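Undergrad: One structure, pasted below without further comment.
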DNA sequence: AGCGGAGCCGCAATCGATTGCGCACTGATG
DNA sequence: CATCAGTGCGCAATCGATTGCGGCTCCGCT
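So, in structure tokens, the structure goes:
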């Protein structure tokens, strides 16, 4: 275990520790004569000196560490967000402390306290819920906070989100452009804002095309795949002509819809076109491959990190909120078998 | 921004900071009279005192922070591992600093230095490569290291892995049990130990059944899906009868194999059965759904964290290596369309 | 009353790096 | 030769929490 401290380096270079500190700091290098800097650098190299970020953090009041709180590490959508954050931090000398809140306000509180105690320079919270607002407000007095993915309306906390209303509109436009007129949506639970928004965007866009939206009851929380199957089945068995296209509020519901169609002997997209949401990795591998709306996870992470860095540099700044546009990824489930989908990879 | 320090708490409680420190430390609580402890606790609560983990870390030489280095945050297999680690850390007062090496030895070196500078108590490295050995050895002199997922043979660094040889044998047994005799494997790059082992396990198990393994050249690093397609295509077009079953070294290669089969007008599992590896989330949703070998990611993370914690508590200890058994998940790609696969969810 | 001992707690040093202040030295100038 | 500007660098304080050491208090016992 090495225990080389700044003092050791200074001794070897024959200077005072304070001089060594300045010589090793790129910003302060000019305060020391060039040959002294060289001598100190050499000594540091020879001893294998490794600065102590803890001690430095104590003195400077800055840890160059950023906290990330995610609701669920298992959610595949989180990986690109975290990656986007990491990537933006890279090269700025920052690292990320990561913690999981598991959609539990108590845990959220504990986790935020823990991060505050570690004096992180800022915190990015993905997937905040309404119940988390108290904890977030408290933490905000100690450390700058940026929300990602979900936001808290009226909280004034800067948030980087994706635009789900626009995502709903994209889905609507896509189906209309492909000639569909009898269109339904398989809704996710309404108490989650992102589902509500994509439902609203979809419906209002269809209205602008003078097309009514066929609504079924809203899906329960889980298992979400079963809900997709159940709702699709209701559409197929209720009176009147079934829709020619459905918008499933996420990819798993879409897969459930596939299963319902298959079990009733209907084909997709031949009888009913299906469009999903999220562009889960599996979407490219279902049968048929699933047209879906891709959310800009990586960019979202980058923007959140960028906002956090700005808040660190100027804590007075209010911080800007931002909503990133999703992208439609056309695949076979709405295009038919022989049309070539445009790959978006 | 609060700046309540231990001194403030002590002043309010009318005691010396050192007493306050002891009163607030559960391990030292007995060194202080009960009513004093109460008074200090009350003062801390009223002031909203939040200990400074940085200062504490400096003095104690322990940061209660663990570093995680992952090769690729986008790899879906990583999420459960990280989650398992997090979960084990939870309640022990530890948190995880996470960083990405991106399979680049230079980055690995930088990242490890960075973690060492932050004085993390231990580091878990998932997905180490041979080229990383130098960096790991150097880092090991500063901080205990535990490998996860991949290990470095002969390095003596404790490693928690899954038993890929056994995984290969599982795959072989499964295919043989289903009557296959002409069997090939689509190999991943051989310089990664886990690919090598699953290849060996598979081959030796087939040998024990007196069945030769049809080998094709080894796959390149990426894009791995294309490699699966390319190798499967080679098998289909080379002289002689093609195999009736193939073992793809991961699920993406298996999907590539699906594509090669489809483009040559062969069916799966009718003409060729395919078995994958990893049980990627998509495996349940491919067409046909993919029989595969599931790796115990979550448990692996927990065990790695456990080992790391033991090393922290006793740095002299060598640290135990461990290999966790994978599980075969039968689905349609080897069972045929009408047999009901046993769900493993 | 005096002594021993246990229990509490304060003092001051410590962890390692950073930084405001100011001394010392150089060289130029009057 | 004295003074001044200017540069280079050392001293000591600082960040906040922790802890070894030693002192004080109080109790019980003789």
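Protein chains in written order, with the numbering used here: chain A, 907 to 1251; chain B, 907 to 1251.
Every residue, glycine too, gets a C-beta built ideally from N, C-alpha and C.
Only a predicted model underlies this, so the values are computations on that prediction, with no experimental measurement involved.
1. Which partner residues of residue 1121 (chain B) appear in the DSSP bridge assignment?
2. With the cut-off set at 9 Å, would you say residue 978 (chain A) and residue 996 (chain A) are in Cβ contact?
3. Can you tell me whether DSSP reads residue 1197 (chain B) as helix, strand or coil?
4. Note down, in chain order, each residue of its chain lying with its Cβ closer than 8 Å to the Cβ of residue 914 (chain A), except the 5 sequence neighbours on either side.
5. To the nearest angstrom, report how far apart residue 1190 (chain B) and residue 1174 (chain A) are at their CA atoms.
6. For residue 985 (chain A), does the three-state DSSP call read helix, strand or coil?
7. Name the chain B residues whose beta carbon is nearer than 9 Å to that of residue 994 (chain A)?
8. Can you tell which of A:1225, A:1018 and A:1024 has its C-alpha closest to the C-alpha of residue 1038 (chain A)?
9. So with Cβ pairs under 9 Å, would you call residue 1238 (chain A) a contact of chain B?
10. By DSSP, does residue 1247 (chain A) sit in helix, in strand, or in coil?
11. Contact criterion: CB-CB distance below 9 Å. Does residue 1188 (chain A) meet it with respect to chain B?
12. With H, G and I counted as helix, E and B as strand and the rest as coil, what does DSSP make of residue 973 (chain B)?
13. Where are the alpha helix (DSSP H) runs, 4 residues long or more, that stay fully inside the segment 1131-1202 of chain B, in chain order?
14. One question on the structure: do residue 1138 (chain A) and residue 1167 (chain A) come within less than 9 Å of each other, judged by their Cβ atoms?
15. Residue 1229 (chain A) lies in the beta strand (DSSP E); which residues open and close that run?
16. Which residues, in order along the segment 970-997 of chain A, keep a beta-carbon less than 7 Å from a beta-carbon of chain B?
17. Tell me, please, whether the segment 920-937 of chain B touches the segment 964-980 of chain B by the rule of three or more beta-carbon pairs shorter than 8 Å.
18. Starting from the beta carbon of residue 1062 (chain B), find every residue of chain A whose beta carbon is closer than 9 Å, and list them in chain order.
19. Quick one: what's got a C-beta closer than 8 Å to residue 910 (chain A)'s C-beta in the same chain, skipping five residues either side?
20. If you follow the alpha helix (DSSP H) that residue 1240 (chain B) is in, where does it begin and where does it stop?
21. Assuming residue 1050 (chain A) contacts residue 1228 (chain A) (C-beta within less than 8 Å), just tell me the rounded distance between them.
22. Do residue 1068 (chain B) and residue 1101 (chain B) have their CB atoms nearer than 9 Å?
23. Is there a Cβ from chain B that is less than 9 Å from the Cβ of residue 1068 (chain A)?
24. Rank A:1136, A:1112 and A:1081 by C-alpha distance to the C-alpha of residue 1122 (chain A) and give the top, closest one.
25. With DSSP as the reference, label residue 1213 (chain A) as helix, strand or coil.
26. Check distances from the C-beta atoms of the segment 1021-1039 of chain B to those of chain A and list, in chain order, the residues that come in under 9 Å.
27. Where DSSP assigns a beta bridge to residue 1005 (chain A), which residues make up the other side?
28. Starting from the N-terminal side, write out each stretch of the alpha helix (DSSP H) that is 4 residues or longer and does not extend beyond the segment 1010-1077 of chain A.
29. So that I know if they touch, is there some Cβ in chain B lying closer than 9 Å to that of residue 926 (chain A)?
30. Between residue 1108 (chain A) and chain B, is there a C-beta pair that is closer than 9 Å?
31. Kindly say whether residue 1179 (chain B), judged by its beta-carbon, lies nearer than 9 Å to any beta-carbon of chain A.
32. For residue 1235 (chain B), does the three-state DSSP call read helix, strand or coil?
33. Between residue 1151 (chain B) and the rest of its own chain, which residues show a CB-CB distance below 6 Å, the 5 nearest in sequence each way excluded?
34. In chain B, which residues lie less than 9 Å from residue 1019 (chain A) when you measure between Cβ atoms?
35. Quick check on the DSSP output: the alpha helix (DSSP H) that includes residue 913 (chain A) runs from which residue to which?
36. Do residue 949 (chain B) and residue 916 (chain B) come within 9 Å of each other at the CB atom, strictly closer than that value?
TA: Answer, in terms of the structure:
1. Position 215 of the second chain holds residue 1121 (chain B). DSSP lists B:1091 as partners of residue 1121 (chain B).
2. Position 72 of the first chain, counted from the first residue, corresponds to residue 978 (chain A). Position 90 of the first chain, counted from the first residue, corresponds to residue 996 (chain A). It is not a contact, given that the beta carbons lie outside the stated cut-off.
3. Within the second chain, the letter at position 291 stands for residue 1197 (chain B). Strand at residue 1197 (chain B).
4. On the first chain, residue 914 (chain A) is found 8 positions in, with the first residue counted as 1. Cβ-Cβ distances below 8 Å link residue 914 (chain A) to 953 and 955 in the same chain, with the five nearest sequence neighbours on each side left out; the list follows chain order.
5. The residue given as residue 1190 (chain B) occupies position 284 in the second chain. The residue given as residue 1174 (chain A) occupies position 268 in the first chain. Taking the straight line joining both Cα atoms gives about 19 Å.
6. On the first chain, residue 985 (chain A) is found 79 positions in, with the first residue counted as 1. Helix.
7. On the first chain, position 88 is the one that residue 994 (chain A) refers to. What residue 994 (chain A) touches in chain B: nothing, since even the nearest Cβ is about 12 Å away.
8. Working through the first chain from its first residue, we reach residue 1038 (chain A) at position 132. Nearest to residue 1038 (chain A) by alpha-carbon distance, out of A:1225, A:1018 and A:1024, is A:1018.
9. Position 332 of the first chain holds residue 1238 (chain A). Put simply, the CB of residue 1238 (chain A) is far from chain B, with every gap to its CB atoms at 9 Å or more.
10. By one-based count along the first chain, residue 1247 (chain A) stands at place 341. Since pLDDT at residue 1247 (chain A) reaches only 45, below the 50 mark, its modelled position is unreliable, and no value is offered.
11. The residue you call residue 1188 (chain A) lines up with position 282 of the first chain. Using a Cβ-Cβ cut-off of 9 Å, residue 1188 (chain A) counts as an interface residue toward chain B, since at least one Cβ of chain B sits closer than that to its own.
12. For the purposes of this step, residue 973 (chain B) is identified with residue 67 of the second chain, where counting begins at 1. Three-state result, residue 973 (chain B): strand.
13. Within the segment 1131-1202 of chain B, the complete alpha helix (DSSP H) runs of at least 4 residues are 1157-1169.
14. As a first step, residue 1138 (chain A) is located in the first chain; it is residue number 232 there, counting from the start. As a first step, residue 1167 (chain A) is located in the first chain; it is residue number 261 there, counting from the start. Between residue 1138 (chain A) and residue 1167 (chain A), the CB-CB gap stays under 9 Å.
15. Along the first chain, one-based indexing puts residue 1229 (chain A) at 323. Counting along the chain, the beta strand (DSSP E) containing residue 1229 (chain A) begins and ends at 1228-1230.
16. The segment 970-997 of chain A vs chain B, Cβ under 7 Å: 979, 980, 982, 985, 986, 988, 989 and 992.
17. Too few Cβ pairs lie closer than 8 Å, so no.
18. Position 156 of the second chain, counted from the start, is the residue given in the question as residue 1062 (chain B). Here the premise fails: no neighbours, minimum Cβ distance about 17 Å.
19. For the purposes of this step, residue 910 (chain A) is identified with residue 4 of the first chain, where counting begins at 1. So the list reads 953, 954, 955 and 956, once near-sequence residues are dropped.
20. Position 334 of the second chain, counting from 1, holds the residue named residue 1240 (chain B). Element bounds for residue 1240 (chain B): 1238-1241.
21. Numbered from 1 along the first chain, position 144 holds the residue referred to as residue 1050 (chain A). Numbered from 1 along the first chain, position 322 holds the residue referred to as residue 1228 (chain A). Approximately 16 Å separates the beta-carbon atoms of residue 1050 (chain A) and residue 1228 (chain A); this is outside 8 Å, ruling out the contact.
22. Start at 1 with the first residue of the second chain, and residue 1068 (chain B) comes out as number 162. Start at 1 with the first residue of the second chain, and residue 1101 (chain B) comes out as number 195. Contact: no.
23. Numbered from 1 along the first chain, position 162 holds the residue referred to as residue 1068 (chain A). Not one chain B Cβ lies under 9 Å of residue 1068 (chain A).
24. Position 216 of the first chain holds residue 1122 (chain A). In terms of CA proximity to residue 1122 (chain A), A:1136 leads the group A:1136, A:1112 and A:1081.
25. For the purposes of this step, residue 1213 (chain A) is taken as the residue at position 307 of the first chain. Residue 1213 (chain A) falls in the helix class under three-state DSSP.
26. Only 1021, 1022, 1023, 1024 and 1025 from the segment 1021-1039 of chain B bring a Cβ to less than 9 Å from some Cβ of chain A.
27. In the first chain, counting from the first residue as 1, residue 1005 (chain A) sits at position 99. In the DSSP output, where bridge partners are listed per residue, residue 1005 (chain A) has A:975.
28. 1011-1023 and 1039-1046, all fully within the segment 1010-1077 of chain A.
29. For the purposes of this step, residue 926 (chain A) is taken as the residue at position 20 of the first chain. For residue 926 (chain A), the nearest beta carbon of chain B is not closer than 9 Å to its own beta carbon.
30. For the purposes of this step, residue 1108 (chain A) is identified with residue 202 of the first chain, where counting begins at 1. Answer no: the Cβ-Cβ gap between residue 1108 (chain A) and chain B never drops below 9 Å.
31. Stepping through the second chain from its first residue, residue 1179 (chain B) is reached at position 273. Answer no: the Cβ-Cβ gap between residue 1179 (chain B) and chain A never drops below 9 Å.
32. As a first step, residue 1235 (chain B) is located in the second chain; it is residue number 329 there, counting from the start. In this structure, residue 1235 (chain B) counts as strand in the three-state DSSP scheme.
33. Your numbering for residue 1151 (chain B) matches position 245 in the second chain. So the list reads 1081, 1086, 1089 and 1179, once near-sequence residues are dropped.
34. Start at 1 with the first residue of the first chain, and residue 1019 (chain A) comes out as number 113. Under the 9 Å cutoff, chain B gives 956.
35. For the purposes of this step, residue 913 (chain A) is taken as the residue at position 7 of the first chain. Note, residue 913 (chain A): alpha helix (DSSP H), 912-919.
36. Along the second chain, one-based indexing puts residue 916 (chain B) at 10. Along the second chain, one-based indexing puts residue 949 (chain B) at 43. Yes, they are a contact pair.
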